[in-house]
Amino acid sequence: MKHLIRFILASLIGVASAAAAEANYPDKPITMVVSFPAGGGADAAGRLLARHLERKLGQPVVVVNRPGAGGEIGFAAIARAKPDGYTIGVVTAPNVVVLPIQRAAQYKLSDLQPIANLVEDVGVFFVRKDHRFQTMKDLVAEAKSKPDSINLATTGNGGLPHFALLSLQKNAGAKLMAVPYSGTVPIRQAVLAGDVDVGFITIADAASDLDGGLVRSLGQAAEHRAPTAAQMPTLREQGVDVVISALRGIAAPARTPAQVVRVLAEAMEVIVRSPEFQKEAAAQKLPLRYMGPQDFKGELERLDRDYRALWRVSPWEN
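If you use the numbering used here, the sequence shown closes out at 1477, no skipped numbers anywhere.
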């Protein structure tokens, strides 16, 4: 009987301690995992949020880059962390959705608790400023006449550039050779060095090179011109039906307490809707699209259904 009483008391103390910890959250530094190299769009969005989140929550937010395997290493690190709210991370779609579909990844989408989406960023095909391609029509014409003669830098199968390549092949009949890199920064470096003909990353990722005149856009993959790139023609305007964008948001490990998720989500919504954050995001060419936990989860689950259906009909090479 004494053992039972001790067990019950210990359980009650544990529950009370956990509840107190949640009520006082956060009371120590938070780690934010970024699944791609420093300098890219995911890193920029994460670091911008981290600075504002520190002020809002009153605790340091330490950004840690864990790149590799198309984002899988970082996504898995988030999923495997202790679900207490002190490890969160930047997740990007389609990567976070597609990786567990196309291979036995180190995590499942259900291992993550979506907190908030921050950015929806449009993709752009781009070349070095002195490249022979002046327009997307030039690229498509050569790719159709000489299949696989043009190389496109990607982040590997399952990433945004990979799906842009598949869409270009399906909708324009242009077949390019994919060359995988570990992230958007290496893609930019490869294009600038002339190691590849063309790259496809988001407008935010390419912003500094575009603004600096180091590279030239062949067109943005948007239904309508993005406000952050109003002078850049869409691919559809050039007769190429490719529309693709990337979501960048924040997630925690599954089973993170609802109270903790609520604190983080509410703080992020206030931050994203603040004029100061919006001004800084615009300066970095980050087009904001806030979604709370339920909406963000629903969007990821919709993408999961869509990509699983695509995989069943036409699985891409892994």
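Beta carbons are placed, not taken as given, at the ideal position from N, Cα and C, and that holds for glycine. Note that the structure is predicted; figures quoted are calculated from it, not measured.
To the nearest angstrom, how far is the alpha carbon of residue i from that of residue j?
i: THR1314; j: GLY1358; result: 10 Å
i: MET1427; j: GLU1301; result: 46 Å
i: ALA1235; j: THR1415; result: 15 Å
i: HIS1383; j: GLU1458; result: 21 Å
i: TYR1245; j: ALA1263; result: 27 Å
i: ILE1232; j: GLN1265; result: 8 Å
i: VAL1429; j: ASN1254; result: 27 Å
i: SER1176; j: THR1361; result: The pLDDT assigned to SER1176 is 46, lower than 50, so where the model puts this residue is not dependable; a value taken from the coordinates is nonetheless given after this. Taking the straight line from one Cα to the other gives about 44 Å.
i: VAL1422; j: GLY1229; result: 30 Å
i: GLN1397; j: ARG1347; result: 24 Å
i: GLY1173; j: GLU1425; result: Caution is warranted here: a pLDDT of 47 is assigned to GLY1173, below 50, making its placement in the model unreliable, and the coordinate value is therefore given only provisionally. Straight-line Cα distance between these residues: approximately 27 Å.
i: LYS1305; j: GLY1332; result: 11 Å
i: LEU1258; j: ALA1201; result: 17 Å
i: LEU1447; j: VAL1431; result: 8 Å
i: SER1308; j: ILE1260; result: 29 Å
i: ASP1463; j: PHE1292; result: 35 Å
i: PRO1196; j: GLY1342; result: 6 Å
i: VAL1420; j: GLN1379; result: 35 Å
i: ASP1186; j: TYR1340; result: 39 Å
i: GLN1218; j: ALA1204; result: 19 Å
i: ARG1407; j: ARG1395; result: 24 Å
i: GLN1272; j: LYS1241; result: 12 Å
i: ALA1363; j: MET1391; result: 13 Å
i: LYS1478; j: ASP1289; result: This structure leaves residue 1478 out entirely; the chain is present only between 1160 and 1477.
i: ARG1467; j: ASP1454; result: 20 Å
i: THR1387; j: LEU1445; result: 8 Å
i: VAL1350; j: VAL1338; result: 11 Å
i: THR1251; j: ASP1465; result: 16 Å
i: LYS1124; j: LEU1377; result: Missing from the structure shown is residue 1124; the chain here goes from 1160 to 1477 and no further.
i: ARG1471; j: LYS1456; result: 23 Å
i: GLU1435; j: LEU1298; result: 40 Å
i: VAL1344; j: ASP1243; result: 32 Å
i: TYR1184; j: LEU1212; result: 13 Å
i: THR1190; j: THR1294; result: 43 Å
i: VAL1355; j: ASN1310; result: 6 Å
i: VAL1249; j: ARG1210; result: 14 Å
i: VAL1193; j: MET1336; result: 28 Å
Does the beta-carbon of residue i have 16 or more other beta-carbons within 10 angstroms, so that it is buried, or is it exposed?
i: ASN1224; result: buried
i: ALA1238; result: buried
i: ARG1461; result: exposed
i: ASN1276; result: buried
i: SER1473; result: exposed
i: GLY1353; result: exposed
i: GLU1279; result: buried
i: SER1433; result: exposed
i: ALA1417; result: exposed
i: ARG1214; result: exposed
i: ALA1389; result: exposed
i: SER1269; result: exposed
i: VAL1221; result: exposed
i: ALA1484; result: Nothing can be reported for residue 1484: it is not among the residues displayed for the chain, which extend from 1160 to 1477.
i: PRO1188; result: exposed
If you follow the alpha helix (DSSP H) that residue i is part of, which residue opens it and which one closes it?
i: MET1295; result: 1295-1304
i: LEU1258; result: 1254-1261
i: LEU1325; result: 1319-1331
i: ILE1346; result: 1343-1352
Between which two residues does the beta strand (DSSP E) harbouring residue i extend?
i: GLY1112; result: This structure cannot speak to residue 1112, because the chain is shown only from 1160 to 1477.
i: LEU1311; result: 1310-1313
i: ALA1203; result: Note, ALA1203: premise wrong, no beta strand (DSSP E); alpha helix (DSSP H) at 1200-1216.
i: ALA1337; result: 1336-1339
i: ASN1224; result: 1220-1224
Okay, do the region 1309-1326 and the region 1435-1445 touch, 3+ Cβ pairs below 8 Å being the bar? no
Cβ contact check for the region 1362-1369 and the region 1282-1299: 3 or more pairs under 8 Å: yes
Beta strand (DSSP E) runs wholly inside the region 1372-1460, at least 3 long, in chain order: 1374-1379, 1404-1412, 1447-1450
May I ask you to verify whether the region 1304-1314 touches the region 1399-1414, counting CB pairs closer than 8 Å and requiring at least 3? no
Check whether the region 1322-1333 and the region 1391-1407 touch, using three or more Cβ-Cβ pairs below 8 Å as the test. yes
Any beta strand (DSSP E) of 3 or more consecutive residues that is wholly inside the region 1226-1292: 1246-1252, 1271-1287
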